[in-house]
Amino acid sequence: MELALDHALKSGYKPIIIVAGFGGRLDQMLANISLLADPDAIDADVRLDDGVTEILCVTEKATLHGHPGETVSLIPWGIPAEGITTDGLVYPLNRATLLPYRTRGISNQMLANTAKISVKRGALLCVHQRKF
Numbered sequence: 580m581e582l583a584l585d586h587a588l589k590s591g592y593k594p595i596i597i598v599a600g601f602g603g604r605l606d607q608m609l610a611n612i613s614l615l616a617d618p619d620a621i622d623a624d625v626r627l628d629d630g631v632t633e634i635l636c637v638t639e640k641a642t643l644h645g646h647p648g649e650t651v652s653l654i655p656w657g658i659p660a661e662g663i664t665t666d667g668l669v670y671p672l673n674r675a676t677l678l679p680y681r682t683r684g685i686s687n688q689m690l691a692n693t694a695k696i697s698v699k700r701g702a703l704l705c706v707h708q709r710k711f
């Protein structure tokens with residue numbers, strides 16, 4: 580996966596959606612999720628998406644498209660994520676800090692068809708769970 584993603588990034592593709600990137604094994608899934616934190620992958624808006632779950636890494640701004648009631652979890656990646664502001668989620672954050680060893684960002688919900696997330700410092704894994 581890493582080599583294929585590197586090739587796509589060097590070829591200038593963006594955005595990139597990796598389908599079936601969860602791998603069926605926990606180690607493969609974690610490795611593929613870690614690829615999302617590559618600065619080039621963030622710039623190209625690379626997302627893992629199996630049709631139900633969408634995962635991306637946010638270091639500045641991101642927009643999610645979905646439906647009211649869908650679950651959105653924000654997980655700090657590696658270090659504390661600071662200055663987090665959200666719009667369009669049931670439990671809004673306004674310049675908040677989330678810590679990598681805490682679960683405060685888990686299981687929020689979308690209020691509308693779009694939600695916006697911004698981060699001033701650090702990185703967030705954003706896990707968007709769709710409802711059908």
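Read in my numbering, the sequence shown has 602 at position 23, and its numbers run on one by one without any break.
For each residue, glycine too, the CB sits at the ideal point set by N, CA and C.
Values in this document were obtained by computation on a predicted structure and should not be read as measured data.
Rounded to whole angstroms, residue 593 and residue 646 show a C-alpha spacing of 24 angstroms.
Within the same chain, 663 come within 7 angstroms of residue 675 by CB-CB distance, once the 5 residues on both sides are set aside.
Taking the Cα positions, residue 636 is about 16 angstroms away from residue 598. The three-state reading of DSSP puts residue 581 in helix, counting H, G and I together. Here the alpha carbons of residue 690 and residue 590 stand approximately 37 angstroms from one another. It is roughly 21 angstroms from the alpha-carbon of residue 642 to the alpha-carbon of residue 611. A straight line joining the alpha-carbon of residue 628 with that of residue 686 spans about 18 angstroms. By a beta-carbon distance limit of 8 angstroms, residue 620 does not contact residue 657. Their separation comes to about 15 angstroms. Counting along the chain, the unbroken beta strand (DSSP E) around residue 663 starts and ends at 660-666.
In the DSSP assignment, residue 652 falls within the beta strand (DSSP E) that extends over 650-655.
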